[in-house]
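Everything on this sheet refers to the single structure shown next.
In the working numbering, the protein residues as written are 1 to 278.
Structure representation (structure tokens):
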């Protein structure tokens, strides 16, 4: 509820991950993963699709924005009382008393509504957690975090291509059955941050980290990718791909597909090695 209220207070504005952590969790030390989980839960309660949002929009590498219309909540009686003209003398005093009484009723009604919503969310989360726990025991899931690819081209003029490569891999990997991958917003939070593998993995709540680099020279592009275990920082897979620079979008799609196919045989639990359906 605090998350929803924070977004509503800044309706139409981008609220960064850091601002959400400060505004919602206060002095408690939490990772960005707490924000991502809270956003996911809130979207589930609202029935909002992150790919075609009507309530909460993800702004890549920045944060989130509430795009739904918002307005103060008033019951019908309060609306009527607020629309009546002010009387003079004793009538004015009575009108003021009535408005105060109506305002108190509005506050109590709003509080009751908030409590009911919180109870509904708590009950739904309890049952959903039970179902998710059962599903986790039934079907093993591999979790992979895709870190922003580095631009190693001379002069670093291909950052946009490197970012696109990262997002393309996240998109394709998220469609693989048996694999869970954090969103691009979660991954790009760590762009340019020199942190230990274990710390990043804890923040993203993943077992593996995939990173890589992009180089362009003499009409060709080279993409290097590697997969690292989060618990011991060992590289368990690596490969390099060379392609002519003709259609960069096609190159991104081609390389992302090759990387995902390689990861399937490496991290996907046995019996779950087929692409999932959208």
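For every residue, glycine included, the Cβ atom is placed at its ideal position computed from N, Cα and C.
Integer-rounded CB distance, given that residue 209 should sit under 8 Å from residue 197: Right, the Cβ-Cβ distance comes to about 6 Å (below 8 Å), so this counts as a contact.
Helix, strand or coil at residue 2 [DSSP, three-state]: helix
Which listed residue (2, 42, 11 and 232) has its alpha carbon closest to that of residue 23: 2
Where residue 213 falls: helix, strand or coil (DSSP): strand
Neighbour-count burial assignment, residue 18, 16 or more Cβ in a 10 Å radius: Around the beta carbon of residue 18, fewer than 16 other beta carbons lie within 10 angstroms, which makes this residue exposed.
Sufficient close CB pairs (3 or more, under 8 Å) joining the stretch 167-187 to the stretch 139-155: Segments in contact, yes.
Buried versus exposed call for residue 264 [16 or more other C-beta atoms within 10 Å across all chains shown]: Answer is buried; the Cβ neighbour count reaches 16.
Burial state of residue 247 (16 or more Cβ within 10 Å): exposed
Rounded C-alpha distance that separates residue 55 from residue 46: If I take the Cα positions, the gap works out to 8 Å.
Three-state secondary structure (DSSP) of residue 68: coil
Alpha-carbon spacing of residue 31 relative to residue 203, whole angstroms: 6 Å
Minimum length 4: unbroken alpha helix (DSSP H) runs contained in the stretch 194-247: 197-204
Where the beta strand (DSSP E) through residue 164 begins and ends: Here residue 164 belongs to no beta strand (DSSP E); instead the alpha helix (DSSP H) covers 159-173.
Under the three-state DSSP convention, the category residue 134 falls into: Note that residue 134 has pLDDT 44, beneath the 50 cutoff, so the model's placement of it is unreliable and the number below is only indicative. Of the three classes helix, strand and coil, the one that applies to residue 134 here is helix, per DSSP.
Among 33, 232, 255 and 223, the one whose alpha carbon lies nearest that of residue 184: Looking only at 33, 232, 255 and 223, the smallest Cα-Cα distance to residue 184 is reached by 33.
Simplified DSSP assignment, three categories, for residue 250: helix
Bounding residues of the beta strand (DSSP E) (the contiguous stretch that carries residue 303): Nothing about residue 303 can be read from this structure; the chain reaches only from 1 to 278.
C-alpha gap between residue 6 and residue 192, whole angstroms: For residue 6 and residue 192, the distance between alpha carbons rounds to 28 Å.
Residue 187 in three-state terms, based on DSSP: helix
Residue environment, residue 58, which counts as buried when at least 16 other CB atoms sit within 10 Å: buried
Beta-carbon gap between residue 15 and residue 64 smaller than 7 Å: yes
Sequence-distant residues of the same chain with beta carbon closer than 7 Å to residue 172, five excluded per side: Counting only Cβ-Cβ distances below 7 Å, and skipping sequence neighbours, we find 256, 257 and 260.
Rounded separation between residue 262 and residue 215 - CA only: 21 Å
For residue 150, three-class secondary structure by DSSP: strand
Reduced DSSP category for residue 257 - H, G, I as helix; E, B as strand; rest coil: In this structure, residue 257 counts as helix in the three-state DSSP scheme.
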